[in-house]
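Read the structure below first, then the notes.
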Amino acid sequence: MSKTYIFGHKKPDTDSVMSAIGLSYLKNKLGDNTVPRVLGDINKETQYALNYFNLTPPEYLNDVKLQLKDIDYHKNFLIKETDSIYNGYQKMLEGGLTGIPVVDNKGYFSGLITIKDLSHVIVNENADDIYTSYDNLLHVLKGEEIVRIDNEIIGKILVAAYRSTTFLQNIDLKKDMILIVGDRHSIIEYAVNSSVKLIILSGDSEIKNEHIEIAKRNGVNIIRTPYTTYHITRLVNLTNYIKTMVRSYNPTKFENTEFVANVIDINNRLKHTNYPIVDRKNKCLGLLKITDLSEKHPKNVILVDHNEKLQSVEGIEEANILEIIDHHNLGSITTTSPINFRNMAVGSTCTIVYTLFKERKIEIPREIAGALLSGILSDTLILKSPTATSKDIEAVNELATITKEDYKQYGMNLLKAGTSLVGMSKEDVLYNDFKIYTVNDKNFAIGQFFTMNFEEIEKDLDEYIHVLDEVSEANNYSLVALFVTDIIKNGSYVIFNTKGRDIIEVAYNLANIPQGYFIVGCVSRKKHVVPMIMPIFEN
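Spelled out as structure tokens, the structure:
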């Protein structure tokens, strides 16, 4: 069963992280194979909750782009350097492929052989050098072992094609010669006495025992084959090690983690048919035939707490989205087929996950209850946010019972853990909880940070404005605003990029609004910020 990744948006908050953890636990209880993931750094508040309930932080997911490992390429289609050329040819015929990667004895890639390379060997009848193994000769020639002295055979081919007397008088046999001969005993005797490297007996020819004994004393290998001399001469070159054909040790190859899009771009330039696939240590994994790219298996994903493409993982358009669980307005993500989309008007995605547990009648263990409780308390500001619904209240009460926690006290500790500015840069504060919105091809971005000590931010107000201006210019955002929310005072201080002042003034019907202005009752980005700003871009 393939693995399914469950994750929230790019700027993980407690609700997105904990809903991924909770939903993954539920799915696995129902028989699925899922893992929770995060798309960014875990903030202090979320880390506090993870530590408090002894939960393992989800691993980071960089992207879900299609990689070669998601493609049905020809895995383990390769041949060892010491296999015969004949074997390579047969493997390509059987696989219906026009190339095969060659590997050394440890499996490391050493070259690529193609049908074109093989055709040159088959057509070139003048090649007389042999560099192979005794076993390769036996296999290709369907031979019988008569005398084996050497496991590796290196020499030059000679065919006993003359009359015996002519041969004996005119041919000078050397030790590196490989003689192909029939039942011509005088020539065989001459050969074993000359200590040739190998005698190949054609047509299942008989050989005298005395000649066998001389061969053993003189280090002469002997093989007998049923093939005719003509057939042997056509096949013997194909017994050579296939590594003798490798001309280029650096053909274009790809690691199995390479993105498919990059492979397509490179192939559009090279127009090759076959590409070896290796791992990052250069061990060969198989062969990609370029038409294999149509047989792909996109990564399975489930999205929680978002349904906007800009907020999701890189390569989301290449993934197989199985399900979306969210409590926000409908965004820009589209799918190629119908999916389960659970969208509820509640204060937290964790409330929806809690509801799924109840519907499936799956018991919630304490640590998962703690995860879901943390997500709800965070997103609803301990149920004080106007986004909090009766379903959120019901979920909090039951989850608090399971965890045996005073949710108000725990919630306050949770939010305090996330509001500390210690060690945070201006950018860290802005991106702590940062979301991008697109309306009519225009983008705006809203950051929200919870603190009970706005004075720490106010003393560096000019520096924050400078950061917002830089982010706006760099990304062509019409507005970048940071809402610093104080749940005790029940409102937010708003800081905005210089060019975005008009938008904030229209949104909140305020003239000459100063930086750091406190907006009473503004605590929810979903209820009090985005609905005020978005209509300006829609007009």
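For the record, in the sequence shown the residue sitting at position 343 is 343 according to the numbering used here, with numbers rising by one throughout. Note that CB positions come from ideal geometry on N, CA and C, so glycine has one too. Predicted model only: the values in this text are computed from it and were never measured.
Check: Give the DSSP-derived three-state secondary structure of E125 in the structure shown.; Outcome: The predicted position of E125 is uncertain, since its pLDDT is 49 and thus under 50; no value can be drawn from it.
Check: So, is H120 buried or exposed, given that buried needs 16 or more other C-beta atoms within 10 angstroms?; Outcome: exposed
Check: By DSSP, does S492 sit in helix, in strand, or in coil?; Outcome: strand
Check: Tell me which residues share the same chain as D551 and place their Cβ nearer than 8 Å to its Cβ, disregarding the 5 neighbours each side in the sequence.; Outcome: The requested residue 551 does not occur in the structure, where the chain is confined to residues 1 to 539.
Check: Could you tell me which of K69, Y73, G111 and Q67 sits nearest to G88, measuring between CA atoms?; Outcome: G111
Check: What does the alpha-carbon distance come out to for the pair H518 and V64?; Outcome: Correcting the residue type first, residue 518 is Phe in the shown sequence and not His. If you take the alpha carbons of F518 and V64, they lie about 41 Å apart.
Check: Out of curiosity, what's the CA-to-CA distance linking N240 and G143?; Outcome: 15 Å
Check: Let's test the definition: count the other Cβ atoms within 10 Å of the Cβ of L93 and tell me whether it reaches 16, buried, or not, exposed.; Outcome: exposed
Check: In terms of residues, what are the limits of the alpha helix (DSSP H) holding Q169?; Outcome: S164 to N170
Check: For D32, collect the residues of the same chain with a Cβ closer than 7 Å to its Cβ; drop the 5 residues on either side in sequence, then sort them by chain order.; Outcome: T4
Check: Spell out whether any CB of chain D is found under 8 Å from the CB atom of Y354.; Outcome: Looking at the structure shown, chain D is missing, and only one protein chain is on hand.
Check: Helix, strand or coil: how does DSSP classify Y131 here?; Outcome: strand
Check: Rounded to the nearest angstrom, how far is the Cβ of T355 from that of V304, given a contact under 8 Å?; Outcome: Actually they do not touch by this definition, with Cβ atoms about 13 Å apart.
Check: The alpha helix (DSSP H) spanning N87 covers which residue range?; Outcome: I85 to G95
Check: In three-state terms, what does DSSP make of S16?; Outcome: helix
Check: DSSP three-state label for V396, please.; Outcome: helix
Check: List the DSSP bridge partners of T585.; Outcome: Past the edges of the chain, shown from 1 to 539, lies residue 585, and the structure says nothing about it.
Check: If you pair each beta-carbon of the segment 295-303 with each one of the segment 58-73, do three or more pairs fall below 8 Å?; Outcome: yes
Check: Rounded to whole angstroms, what is the Cα-Cα separation between I232 and V196?; Outcome: 18 Å
Check: Enumerated in chain order, which unbroken segments of the beta strand (DSSP E) with a length of 3 residues or greater are wholly contained in the segment 193-260?; Outcome: 198-201 and 221-224
Check: Secondary structure at L158, three-state DSSP: helix, strand or coil?; Outcome: strand
Check: What number of angstroms, rounded off, separates the C-alpha of E125 from the C-alpha of E59?; Outcome: Caution is warranted here: a pLDDT of 49 is assigned to E125, below 50, making its placement in the model unreliable, and no coordinate value can be reported.
Check: Among R501, H327 and D486, which one has its Cα closest to the Cα of S472?; Outcome: R501
Check: Do you know offhand how far K208's Cα is from V192's?; Outcome: 11 Å
Check: Using only the alpha-carbon positions, how far apart do N229 and D279 sit?; Outcome: At residue 229 the sequence reads Thr, which differs from the Asn that was named. Distance between the alpha carbons of T229 and D279 is about 45 Å.
Check: Just the Cα atoms here: how many angstroms apart are N397 and E470?; Outcome: 44 Å
Check: Mind pulling the alpha helix (DSSP H) runs of 4 or more residues that sit fully within the segment 311-376?; Outcome: 349-360
Check: Does DSSP classify H74 as helix, strand or coil?; Outcome: strand
Check: According to DSSP, is V484 part of a helix, a strand, or is it coil?; Outcome: strand
Check: Judging by CA-CA distance, which residue of S385, G375, L430 and N443 is the nearest neighbour of Y410?; Outcome: G375
Check: With three or more C-beta pairs closer than 8 Å as the rule, is the segment 203-223 touching the segment 135-155?; Outcome: yes
Check: Could you give the distance in angstroms between the alpha-carbon of E505 and the alpha-carbon of S478?; Outcome: 14 Å
Check: Can you look up A511 in the DSSP assignment and give me helix, strand or coil?; Outcome: coil
Check: Tell me whether R163 is buried or exposed, calling it buried when 16 or more other Cβ atoms sit within 10 Å of its Cβ.; Outcome: exposed
Check: Quick one: using the 10 Å Cβ neighbour count with 16 as the cut-off for buried, is N262 buried or exposed?; Outcome: exposed
Check: Whose C-beta lies closer than 6 Å to the C-beta of I199 among residues of the same chain, with five residues either side of it excluded?; Outcome: L179, A191 and I222
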